[in-house]
Amino acid sequence: MTVLGVGTFGGASKIDANSGTVMATAFAIGAGMKPEVAVAALGVPVASLMIQTDIVARFANTFFQHRVDKMIDTENYKGIERNYLYGVLPWTLSRGIPVFLALAFGGPFVRTAVSYMNENLAWLSNGLATAGALLPAVGFAILLRYLPVKKHFPYLILGFIITALFSTVYGNIGLLGTTVAGIDSKFTTTFASLPMLAIALIGFAFALLEYKRNTEKENNVVESTTNTTETKDTQEQDGEIHGDEI
Numbered sequence: 008m009t010v011l012g013v014g015t016f017g018g019a020s021k022i023d024a025n026s027g028t029v030m031a032t033a034f035a036i037g038a039g040m041k042p043e044v045a046v047a048a049l050g051v052p053v054a055s056l057m058i059q060t061d062i063v064a065r066f067a068n069t070f071f072q073h074r075v076d077k078m079i080d081t082e083n084y085k086g087i088e089r090n091y092l093y094g095v096l097p098w099t100l101s102r103g104i105p106v107f108l109a110l111a112f113g114g115p116f117v118r119t120a121v122s123y124m125n126e127n128l129a130w131l132s133n134g135l136a137t138a139g140a141l142l143p144a145v146g147f148a149i150l151l152r153y154l155p156v157k158k159h160f161p162y163l164i165l166g167f168i169i170t171a172l173f174s175t176v177y178g179n180i181g182l183l184g185t186t187v188a189g190i191d192s193k194f195t196t197t198f199a200s201l202p203m204l205a206i207a208l209i210g211f212a213f214a215l216l217e218y219k220r221n222t223e224k225e226n227n228v229v230e231s232t233t234n235t236t237e238t239k240d241t242q243e244q245d246g247e248i249h250g251d252e253i
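Here it is in structure tokens:
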């Protein structure tokens, strides 16, 4: 649940829990800090700082992407491979530099860097935050652009409605349980939140139905084509004139 809460999905830039955990663990073991103190003093500042570096790395990679686009036109496959691998550099530096600085200078430096960016460089921080907020929309737009939405538009509508209904039902039930628990102290029943696995299984069921339907359609087309070919061959053989019939 922690990973789902802070993970990066659809191109969104969230708190880098992985790097924050690495830093908190390193200082908790190496400096003898309590885990709670290490998380508060190092884990959260590092994870927060790396939101900005993650956005910078994403935009830096567009440079190599544009180079790849040009090389596709000239069919420069070696150049495409090289620039594809060059994209690793921004991602590596966006994680490696903050972790190195935190390990080299400790928590006070990281907190100072975050405070300086939020106060003295507020324009830069706000700009990066705005760009990061646009990334999920861009990610979903790209996804919808390449998915066969026109062909499966009814499934898209069903998926949206089912998810919205489930979210409303589970949310209201959870709110009702919280309200009852506030009135009656003996009420200890807890309600589960919306299970993403259920939504995923519904999507899988729709995909499986569509796959089976397309498979059956293709099999019918193949059988029809085969039968037509066999009938044509039979007719040609029946109408064939042999040499002894002339």
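If you're matching positions, the sequence shown starts at 8 in my numbering and goes up one per residue.
Note that the Cβ used here is the ideal one computed from N, Cα and C, for glycine as well.
**Request:** Measure from the alpha carbon of residue 66 to the alpha carbon of each residue in 229, 97 and 34, then state which is nearest.
**Result:** Per the Cα distances, 97.
**Asked** So, is residue 23 buried or exposed, given that buried needs 16 or more other C-beta atoms within 10 angstroms?
**Response** It counts as buried.
**Message:** Quick check on this structure: which residue in 102, 79, 77 and 32 has the alpha carbon closest to the alpha carbon of residue 58?
**Reply:** Among 102, 79, 77 and 32, the Cα nearest to that of residue 58 belongs to 102.
**Item:** Contact under 7 Å by Cβ, residue 173 with residue 201
**Value:** Contact: yes.
**Request:** From the DSSP output, in three-state form, read off residue 25 for me.
**Result:** Residue 25: helix per DSSP, three-state reduction.
**Asked** So, using beta-carbon positions, are residue 27 and residue 53 closer together than 7 Å?
**Response** It is a contact, given that the beta carbons lie within the stated cut-off.
**Message:** Can you tell me where the alpha helix (DSSP H) holding residue 101 begins and where it ends?
**Reply:** Note, residue 101: alpha helix (DSSP H), 95-112.
**Prompt:** Taking the Cβ atom as the reference point for each residue, do residue 175 and residue 206 lie within a distance shorter than 7 Å?
**Reply:** Not a contact, by the Cβ cut-off of 7 Å.
**Prompt:** Going straight from the alpha carbon of residue 104 to that of residue 123, what length do you get?
**Reply:** Between residue 104 and residue 123, the alpha-carbon positions lie close to 17 Å from each other.
**Residue environment, residue 226, which counts as buried when at least 16 other CB atoms sit within 10 Å** = By the neighbour-count rule (16 or more Cβ atoms within 10 Å), residue 226 is not buried but exposed.
**Prompt:** If you follow the alpha helix (DSSP H) that residue 176 is part of, which residue opens it and which one closes it?
**Reply:** Start and end: 160-190.
**Request:** Let me know the secondary structure DSSP gives residue 63 once reduced to three states.
**Result:** In the structure shown, residue 63 sits in a helix (DSSP, three-state: H, G or I).
**Prompt:** Does the beta-carbon of residue 56 have 16 or more other beta-carbons within 10 angstroms, so that it is buried, or is it exposed?
**Reply:** That one is buried.
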